[in-house]
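**Student:**
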Amino acid sequence: QQQVRQSPQSLTVWEGGTTVLTCSYEDSTFNYFPWYQQFPGEGPALLISILSVSDKKEDGRFTTFFNKREKKLSLHIIDSQPGDSATYFCAARRGYAQGLTFGLGTRVSVFP
Amino acid sequence: EAAVTQSPRNKVAVTGGKVTLSCNQTNNHNNMYWYRQDTGHGLRLIHYSYGAGSTEKGDIPDGYKASRPSQENFSLILELATPSQTSVYFCASGDDRGNSDYTFGSGTRLLVI
Chain A
5 QQQVRQSPQS
15 LTVWEGGTTV
25 LTCSYEDSTF
35 NYFPWYQQFP
45 GEGPALLISI
55 LSVSDKKEDG
65 RFTTFFNKRE
75 KKLSLHIIDS
85 QPGDSATYFC
95 AARRGYAQGL
105 TFGLGTRVSV
115 FP
Chain B
431 EAAVTQSPRN
441 KVAVTGGKVT
451 LSCNQTNNHN
461 NMYWYRQDTG
471 HGLRLIHYSY
481 GAGSTEKGDI
491 PDGYKASRPS
501 QENFSLILEL
511 ATPSQTSVYF
521 CASGDDRGNS
531 DYTFGSGTRL
541 LVI
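Heads up: the protein sequence lines correspond to chains A and B, in order. Here my numbering is used: the first residue of the first sequence is 5, the next is one more, and so on. Here my numbering is used: the first residue of the second sequence is 431, the next is one more, and so on.
1. So what does DSSP say about SER56/A, is it helix, strand or coil?
2. Mind checking which residues open and close the beta strand (DSSP E) that includes THR516/B?
3. Determine the chain A residues that contact GLY535/B at a beta-carbon separation under 8 Å, and present them in chain order.
4. Does the CB of ALA522/B have a neighbour CB from chain A at under 9 Å?
5. Starting from the Cα of GLN455/B, find the closest Cα among VAL442/B, THR485/B, PHE504/B and THR538/B and give me that residue.
6. Using the Cα positions of SER14/A and ASP468/B, report the straight-line distance between them to the nearest angstrom.
7. State the CB to CB distance for the pair ARG98/A and THR33/A, rounded to an integer number of angstroms; the pair is presumed to be in contact (CB under 8 Å).
8. Assuming SER437/B contacts GLU46/A under a Cβ cut-off of 8 Å, what Cβ separation, rounded to an integer in Å, is found between them?
9. Give the residues from the stretch 83–113 of chain A that approach chain B closer than 7 Å (Cβ to any Cβ), ordered along the chain.
10. GLY481/B: which of GLY109/A, GLN102/A, GLN7/A and GLN6/A sits nearest, CA to CA?
11. Can you list, in chain order, the residues of its chain whose CB lies under 6 Å from that of ALA96/A, leaving out five sequence neighbours each side?
12. Report yes or no: is there a C-beta of chain B within less than 9 Å of the C-beta of PRO12/A?
13. What's the gap between the Cα of LYS75/A and the Cα of GLY107/A?
14. Using the beta-carbon count (16 or more within 10 Å), is GLN85/A buried or exposed?
15. I need the DSSP call for ASP63/A, collapsed to helix, strand or coil.
16. Pull out every residue of the stretch 481–515 of chain B whose Cβ sits closer than 9 Å to any Cβ of chain A, in chain order.
17. Select from PHE43/A, PRO116/A and THR91/A the residue whose C-alpha is nearest the C-alpha of PRO12/A.
18. Considering Cα atoms alone, identify which of GLY447/B, HIS471/B, SER452/B and LEU451/B is closest to VAL542/B.
19. 9 Å is my cut-off, CB to CB: does ARG474/B come that close to chain A?
20. Less than 9 Å between the beta carbons of THR450/B and LEU508/B, yes or no?
21. I'd like the list of long-range same chain contacts for SER118/A, defined as Cβ closer than 6 Å, with 5 residues on each side in sequence excluded.
22. Between the C-alpha atoms of SER58/A and ILE81/A, what's the straight-line distance to the nearest angstrom?
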């Protein structure tokens, strides 16, 4: 059973458009939610993260929203660029040093 | 520059053979992790460590052992490799802060034939 569910599996966006990825989870003990970006042949790299005490975090073109009541989070990428084409993973963690639980990822393609 | 370095980058192993994947970090992080990545399964946690001398089981530890001889080094050991262990393996390090980032290595692509 997937503890962190991510949608969609893949997504195509035109350059300049907004990319929206969503994630949901069941375990209410999760308290930290990072989003990772991964390019082919590379390891995942942290894009943005949010703690469960917050409902929004913004970093440049990237914003993550968190809804504790609905156990959902989302990642919005505005002004999407071809260089944003990658696989994006949401993840969750219960406590310090316990490792991250990952969603299955969303493959994003941004076309000029 | 702080980093996580994995070796080898690619490995072909024979079924039943022993495989050791190595990871070195210069981040001075206490915690280190081994994940495997497979299509349809995402990244799954195999073993992790809180510091030198400690190893803990993750979500899918069967068939794997881990060793943390020092703060910097964390190894993943497949004593009897099987084709089902063909995958891409990632090592990561992280510190103890609540919203700490994990730094991932570039991965080891393992093929067991």
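Yeah, the Cβ is synthetic: ideal placement off N, Cα and C, and Gly gets one too. Nothing here was measured: the structure is a model prediction, and the numbers come from that model.
**Tutor:** Well, looking at it:
1. DSSP places SER56/A outside both helix and strand once states are collapsed to three, so it counts as coil.
2. Looking at the DSSP string, THR516/B is not in any beta strand (DSSP E), and its letter there is neither H nor E.
3. Here the neighbours are GLY47.
4. Taking Cβ atoms only, chain A reaches closer than 9 Å to ALA522/B, which makes this a yes.
5. When only C-alpha atoms are compared, the closest one is PHE504/B.
6. Rounded to whole angstroms, SER14/A and ASP468/B show a C-alpha spacing of 16 Å.
7. Your pair ARG98/A and THR33/A checks out as a contact, with CB atoms roughly 5 Å apart and the cut at 8 Å.
8. Actually they are not in contact, since the Cβ atoms of SER437/B and GLU46/A sit about 16 Å apart, beyond 8 Å.
9. Correct list: PHE93, TYR100, ALA101, GLY103, LEU104, PHE106, GLY107, LEU108 and GLY109.
10. Comparing Cα positions, the closest option is GLN102/A.
11. In its chain, beyond the 5 residues on either side, VAL8, TYR29, PHE34, PHE37 and THR105 have a beta carbon closer than 6 Å to the beta carbon of ALA96/A.
12. Between PRO12/A and chain B, the shortest Cβ-Cβ separation is not below 9 Å.
13. Near 14 Å, if we compare the C-alpha coordinates of GLY107/A and LYS75/A.
14. Burial check for GLN85/A: the Cβ neighbour count within 10 Å stays below 16, so the residue is exposed.
15. In this structure, DSSP gives ASP63/A an extended state, which the three-state scheme calls strand.
16. Cβ contacts with chain A: GLU486, GLY488 and ASP489.
17. Closest in C-alpha terms to PRO12/A, from the list PHE43/A, PRO116/A and THR91/A, comes THR91/A.
18. Distance from the Cα of VAL542/B is smallest, within the candidate group GLY447/B, HIS471/B, SER452/B and LEU451/B, for GLY447/B.
19. Chain A, which has a Cβ nearer than 9 Å to the Cβ of ARG474/B, makes this yes.
20. If you check the CB distance, THR450/B and LEU508/B come in under 9 Å.
21. The requested residue 118/A does not occur in the structure, where chain A is confined to residues 5 to 116.
22. As the crow flies, the alpha-carbon of SER58/A is around 19 Å from that of ILE81/A.
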